[in-house]
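Contents: one structure, followed by commentary.
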Amino acid sequence: MDLILTYQWEIFIVAEVLSLAALLLFGVVRYLLNKRRQSLLFLLAFLVLLIFEALLAILIYRETGEISTFQIIITIFVIYACTFGIVDFMKLDRWMRQKIGVWRGVDLLTEKDYRIIKRNKDPKFIAKKYRWSAMVHFVVFVGVQAVFWVHGTDGLDEMLIYVTDLSWIEAGTAAESPYANETIYSISMVWGIVFIVDFIYSWSYTLSPSNSGV
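Residue numbers for the sequence shown follow our numbering, so the first one is -9 and each next one is one higher.
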């Protein structure tokens, strides 16, 4: 157990690299080597690695009794893989079929794929997609922050004080914030900046539609 605690980040990074490799090998074996049944083994490997990462975070939490940056990062990765990661995997799969199809001299894309590619170049669709992702990010951000605040304050009355008096943000310390420790405070501050930038960027497609798409 001491070995796992010491090298937890290294284990996580290796697991992530292997996960990415598994997804790429899935495409290579399925579309380049044309071995569909064998390719499913790499998808299974990806799922096993994802479960392994979640169990690793739980194991370390049970051992230390603390919520650390490590657990939070893994939680974010797992949530991403189960939500936006599915959509991104479908994009990756479509991209691999497009590229490998060119190498093999065959068309691996379906009519549905071509409709999706065409739709993804429509400024109205792009704007709608980013509005949706912005709202999902908003709900997740508010929900996680609520959990952090519940963990770091003594109740609703104290939370309302932090909501009405934002001077704790300028103070720049966890001790004067609604967060339980410096780790959660630091992550929340960085996430807050990312959230604001992402929210503005996402809605910019509605306010000023782009003609570009993927």
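For every residue, glycine included, the Cβ atom is placed at its ideal position computed from N, Cα and C.
query: By the three-class DSSP mapping on this structure, what secondary structure does Y169 have?; result: coil
query: Just checking, does the segment 16 to 26 make contact with the segment 85 to 98 on the three C-beta pairs under 8 Å criterion?; result: yes
query: Just to confirm my understanding: we take S202, look at its own chain, exclude 5 residues before and 5 after, and list those with CB closer than 7 Å. What are they?; result: Residue confidence for S202 is low, a pLDDT of 45 falling below 50, so the modelled location carries little weight and cannot support an answer.
query: State the DSSP-derived secondary structure class of S198, mapped to helix, strand or coil.; result: coil
query: Helix or strand or just coil, what does DSSP make of E0?; result: helix
query: For G142, does the three-state DSSP call read helix, strand or coil?; result: helix
query: What first and last residue would you give for the alpha helix (DSSP H) that runs through G91?; result: 74 to 94
query: Considering only C-alpha positions, which residue in the set W181, G142, L150 is nearest to A164?; result: G142
query: Could you give the distance in angstroms between the alpha-carbon of R121 and the alpha-carbon of D(-8)?; result: 45 Å
query: Quick one, which of L156, L30, S192 has its alpha-carbon nearest K114's?; result: S192
query: What is the DSSP secondary structure of L30, reduced to helix, strand or coil?; result: helix
query: Locate the alpha helix (DSSP H) running through A161, then write down its first and last residues.; result: 157 to 161
query: Taking DSSP as the reference, what is the three-state secondary structure of G55?; result: coil
query: Note the first and the last residue of the continuous alpha helix (DSSP H) segment covering D103.; result: 101 to 109
query: In three-state DSSP terms, what is K25?; result: coil
query: Quick check on V204: buried or exposed, where buried means 16 or more other Cβ atoms within 10 Å of its Cβ?; result: With a pLDDT of 41 at V204, under the threshold of 50, the modelled position of this residue cannot be trusted; read the value that follows with caution. With fewer than 16 other Cβ atoms within 10 Å, it is exposed.
query: Tell me, to the nearest whole angstrom, how far the beta carbon of F189 is from that of F128; I am working on the premise that it is less than 8 Å.; result: 7 Å
query: State the Cα-Cα distance for the pair R105 and A47, rounded to the nearest angstrom.; result: 40 Å
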